[in-house]
Amino acid sequence: MKVYQADQIKNLALLGGSGSGKTTLAEAMLFEGGVIKRRGDVESNNTVSDYNRVEHEYGYSVFSSVLFTEYLGRKFNIIDCPGSDDFIGGAITSLNVTDTALMILNSTQGVEVGTENLFRYTDDHKKPVIFVVNQLDHEKANYEQTIEQAKEVFGNKVVVVQYPVSVGADFNAVVDVLKMKMYQWGPDGGEPEILDIPADQKAMADELHNTLVEAAAENDESLMELYFEEGTLNEDQMRQGIHKGLIARDMFPVFCVSAKKDMGGRRLMEFLGNVVPNVSEMPVPVTNDGTEVPYDVNGPTSLFVFKTSIEPHLGEVSYFKVMSGQVEEGMDLINANRNAKERIAQLYCMAGNNRHKVEKLVAGDIGVTVKLKETHTNHTLNSKGTDFVFDAIKYPNPKYRTAIKAVNESDDEKLGEVLQRMHEEDPTLSVEYSKELKQIIVFGMGEFHLNTMKWRIENNDKIEIEFLSPRIPYRETITKVARADYRHKKQSGGSGQFGEVHMIIEPFYEDMPTPGSMKIDGQEIKLNVKGTEEHKLPWGGKLVYNNCIVGGSIDARFMPAILKGIMEKMEEGPLTGSYARDIRVWVYDGKMHQVDSNEISFKLAGRHAFSEAFKNAGPKILEPVYNVEVKVPSDRMGDVMSDLQGRRAMIEGMSSEKGFEVIKAKVPLKEMNKYSTSLSSITGGRAFYTMSFAQYDKVPPEIQVELIKAFEEEEKDD
1 MKVYQADQIK NLALLGGSGS GKTTLAEAML FEGGVIKRRG DVESNNTVSD
51 YNRVEHEYGY SVFSSVLFTE YLGRKFNIID CPGSDDFIGG AITSLNVTDT
101 ALMILNSTQG VEVGTENLFR YTDDHKKPVI FVVNQLDHEK ANYEQTIEQA
151 KEVFGNKVVV VQYPVSVGAD FNAVVDVLKM KMYQWGPDGG EPEILDIPAD
201 QKAMADELHN TLVEAAAEND ESLMELYFEE GTLNEDQMRQ GIHKGLIARD
251 MFPVFCVSAK KDMGGRRLME FLGNVVPNVS EMPVPVTNDG TEVPYDVNGP
301 TSLFVFKTSI EPHLGEVSYF KVMSGQVEEG MDLINANRNA KERIAQLYCM
351 AGNNRHKVEK LVAGDIGVTV KLKETHTNHT LNSKGTDFVF DAIKYPNPKY
401 RTAIKAVNES DDEKLGEVLQ RMHEEDPTLS VEYSKELKQI IVFGMGEFHL
451 NTMKWRIENN DKIEIEFLSP RIPYRETITK VARADYRHKK QSGGSGQFGE
501 VHMIIEPFYE DMPTPGSMKI DGQEIKLNVK GTEEHKLPWG GKLVYNNCIV
551 GGSIDARFMP AILKGIMEKM EEGPLTGSYA RDIRVWVYDG KMHQVDSNEI
601 SFKLAGRHAF SEAFKNAGPK ILEPVYNVEV KVPSDRMGDV MSDLQGRRAM
651 IEGMSSEKGF EVIKAKVPLK EMNKYSTSLS SITGGRAFYT MSFAQYDKVP
701 PEIQVELIKA FEEEEKDD
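Here the sequence shown stands for residues 1 to 718, numbered as in the UniProt record's numbering.
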């Protein structure tokens, strides 16, 4: 393969809803460029893109596929992205390293929910968009309705470049109002016959041509002046205006294809090669310290690894974009994230899982290497003396969580390794080993996302697993003052154990006063503070420990042991075994034995005195509450509000934003279990939400009773 320069490289993301035909269009583009000799199809499981077993099982894309093809002296790097919102990570990754998005519209479905969601991400990343109306040969195709919906949702920036002469079984021709020609195909597609526009199509073609000319002229002052003077623009001038309109996102051209029959793909690729921006015309990348890095072949070598996968018989495969300079086989680079040396032993361009060996890639290009030792997704590799570090790709917060365990305990270690590997391959899939909950919690973008993970673990890695409801990280605290005394005494021949602790506990809040005495159960207890320790707890809140021992009733050397006993019980709250927080403790008296007292005795005495006092101090369970923001179409607003209120939500506000109604609420985490599935069901997949931790609040009394009872039953079973 020849070495392409930045002005010859087009980096493209194929986006669209599930079933829109992205993978089939990619197949046609690779065929037209000669990378493959025959086109596969999704039904036969022989496409270049969807080559993983799980994709064959489900029948559509799960992973993004990195592809390339060559056409008209240009190199097209193409990333075919999954359509399901559960696998949105692939689309977000691709938008970070490509320059133009092809948004595929299924002409039988029109503008789908997934299309709207994906378009928002192109807006976030400020990427040019070209709409490609596909499946025009389908009996249920409706081109006019699809265009109407696109203009309604995305505005008048949607401008037709092509329209079909007819749709359905008779589809075999489109009118191109940029070229002002009709393209007509035989039954097998491929190379079209280029004809004059028929008389019965001339009026419509002229009208759409004029609209396209106006849209092109609006993107350049000199073109606008020319348009006013001459009343039209020639083809090259229109290309110039469309080119600028694409970069500014002021224009979204529409093309027509039947990817399955390879009709329209060749003309689309011609437009991509001639009109869409190349790498060198797009904003330059910026490092995490704000340094701009131009796509300069003569600059220092720097690569950004945007994707990692594990391939059978090959190991770890690293996909990268050349951000600066050039990379060759045998080159030694430094991993800026790990300060580790890596050698680029082999260099490839990929078409799915087919590797094409190359000797060199230059700035702006996308390539692959294998078997790097220390380098993973989001790492930067530099030539010696270069200190570029590019920001990690940012993904949406996970929407779905579940606990996971291996059915056979002997598989626990292997399961941990598999989950870590899967996170490397898909950063939207994350794992937390929760000491507090005593569970492995897996986070993902939706129920289907995690079910797909389960299928892969059980079928590819041969580990039988089960999903469990994730426990909630409750907290325990107290609401009033309480006192307790506890004597630990044990004699078993030889030296015994003895320790007695008198303790007061009370709720703690910042800047609370320190009293000199407390009256409890009619008894006045003086508190002569000798020392105070304030412990900020890892799980939130504080423990304040006051030493009020006078007269040597407890030796100072035993005070840390009492604190240790209290802290142990704070880590295992008396009500439900959850962490306790926000408590002030006063150890004001006790007894010790000259021979039998030791640290273990006072640790146990402190632990039991604290537990007893806790139960008498109006104990309360606190639950995590999250800020939840739901964006929902107005016609589903009432249903979503009702569902949230059924989840004990506290509605805090409503507003409108970009065609959506926005609901802001505080919702207990317990009530958010499987919310993504429920919201999708209620709104037909048209709503989306974000959530972030807000605070801990007291649970309602009836739920507290249920939680304590459930914990007691669990303790009995253990």
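Where is the CB? At the ideal position from N, CA and C, for every residue including glycine.
Determine the burial state of Lys357: buried for a count of at least 16 other Cβ atoms within 10 Å of its Cβ, exposed for fewer.
It is exposed - the Cβ of Lys357 has fewer than 16 other Cβ atoms within 10 Å.
Just the Cα atoms here: how many angstroms apart are residue 719 and Ala617?
Given that the chain is displayed from residue 1 to residue 718, the structure contains no residue 719 and the question cannot be resolved.
With DSSP as the reference, label Ala101 as helix, strand or coil.
Three-state result, Ala101: strand.
Using the rule of at least 16 other Cβ atoms within 10 Å of the residue's Cβ for burial, across every protein chain shown, is Trp539 buried or exposed?
By the neighbour-count rule (16 or more Cβ atoms within 10 Å), Trp539 is not buried but exposed.
Can the beta-carbon of Gly325 be found less than 8 Å from the beta-carbon of Tyr400?
No, Cβ-Cβ distance for Gly325 and Tyr400 is not below 8 Å.
Report the CB separation of Val62 from Ala351 in whole angstroms; it is logged as a contact under 8 Å.
Incorrect: roughly 18 Å between the Cβ atoms, too far for contact.
Run through the region 640 to 692 for me and flag every whole beta strand (DSSP E) of 3 or more residues, listed as ranges in chain order.
Runs of the beta strand (DSSP E) inside the region 640 to 692: 650 to 657, 660 to 668.
DSSP state of Asp176, grouped into three classes?
Reduced to three states, the DSSP call for Asp176 is strand.
Between Lys22 and Phe76, which are expected to be in contact by the criterion C-beta below 8 Å, what is the C-beta distance as a whole number of angstroms?
Lys22 to Phe76, Cβ: 14 Å. No contact.
Take Trp185 and list the residues in its own chain whose beta-carbon comes closer than 6 Å to its own, dropping the five residues that flank it on each side.
The answer, listed in chain order, is Asn172, Pro192, Met263.
Taking the Cβ atom as the reference point for each residue, do Ile505 and Phe602 lie within a distance shorter than 8 Å?
No.
Buried or exposed for Glu342, going by 16 or more other Cβ atoms inside 10 Å?
It counts as buried.
May I ask you to report which of helix, strand or coil DSSP gives Gly114?
Here Gly114 sits in helix by DSSP.
For Gln645, which option in Glu661, Lys658, Lys666, Val111 has the closest C-alpha, if you only look at C-alpha atoms?
Of the listed residues, the one whose Cα sits closest to Gln645 is Lys666.
Are the CB atoms of Ala406 and Ile344 nearer to each other than 8 Å?
No, these two residues do not count as a Cβ contact at 8 Å.
Could you check the C-alpha separation between His125 and Pro277 for me, to the nearest Å?
Cα to Cα, His125 sits roughly 15 Å from Pro277.
Please return the same chain residues whose Cβ sits closer than 7 Å to the Cβ of Gly245, not counting the five positions on each side in sequence.
Cβ neighbours of Gly245 beyond the five flanking positions: Ala215, Ala216, Asn219, Met251.
Can you give, in chain order, each stretch of the beta strand (DSSP E) that sits fully within the region 420 to 475 and has at least 3 residues?
For the region 420 to 475, whole beta strand (DSSP E) runs of length 3 or above, ordered along the chain, are 430 to 434, 439 to 444, 465 to 468.
Pro490: buried (16+ other C-beta within 10 angstroms of its C-beta) or exposed?
One detail in the question is off: residue 490 reads as Lys in this sequence, not Pro. Burial call: exposed.
Do you know offhand how far Ser44's Cα is from Gln135's?
If you take the alpha carbons of Ser44 and Gln135, they lie about 18 Å apart.
How would you write the range of the beta strand (DSSP E) that Pro624 sits in, first residue to last?
620 to 632 is the span of the beta strand (DSSP E), which, as asked, contains Pro624.
Going along the chain, which residues of its own chain have a beta-carbon closer than 8 Å to the beta-carbon of Val275, five neighbours each way excluded?
Around Val275: Arg239, Ile242, His243, Leu246.
Span of the alpha helix (DSSP H) holding Asp236?
Residues 235 to 247.
What would DSSP say about Ile549, mapped onto helix, strand or coil?
Ile549 falls in the coil class under three-state DSSP.
How would you label Tyr433, buried or exposed, when you count the other beta carbons within 10 angstroms and need 16 or more for buried?
By the 10 Å Cβ count, Tyr433 comes out exposed.
Chain C beta carbons: is any one of them nearer than 8 Å to that of Gly241?
Structure shown: chain C not included; a single protein chain is present.
Measure the alpha-carbon distance for Val284 versus Pro294 and round it to whole angstroms.
Rounded to whole angstroms, Val284 to Pro294 spans 5 Å at the Cα level.
Go ahead and label Pro513 buried or exposed: buried means 16 or more other beta carbons lie within 10 angstroms of its beta carbon, across all protein chains shown.
Pro513 is exposed by the Cβ-count criterion.
What residue from Leu95, Glu413, Asn117, Thr115 has the CA that sits closest to Pro128's CA?
Residue Leu95 is the option with its Cα nearest to Pro128.
For the beta strand (DSSP E) containing Thr308, name the first residue and the last one.
It spans 302 to 311 - the beta strand (DSSP E) in which Thr308 sits, taken as one unbroken run.
Taking the beta carbon of Ala26 as the centre, do at least 16 other beta carbons fall within 10 Å, making it buried, or is it exposed?
Per the 10 Å Cβ criterion, buried.
On the DSSP bridge list, what partners appear for Asp80?
Leu14, Ser65, per the DSSP bridge assignment.
As an exercise, report each continuous beta strand (DSSP E) stretch of at least 3 residues that is fully enclosed by the region 320 to 382, in chain order.
Qualifying beta strand (DSSP E) stretches, in chain order: 326 to 328, 331 to 335, 340 to 344, 348 to 351, 354 to 357, 360 to 362, 366 to 370, 380 to 382.
Could you tell me the alpha carbon to alpha carbon distance between Ser655 and Ile703, rounded to whole angstroms?
About 32 Å.
Classify Asn547 as buried or exposed, calling it buried when 16 or more other Cβ atoms lie within 10 Å of its own Cβ.
Its Cβ being crowded by 16 or more others within 10 Å, Asn547 is buried.
Can you grab the Cα-Cα spacing for the pair Asp7 / Tyr696, in whole Å?
Spanning the two alpha carbons is a distance of roughly 55 Å.
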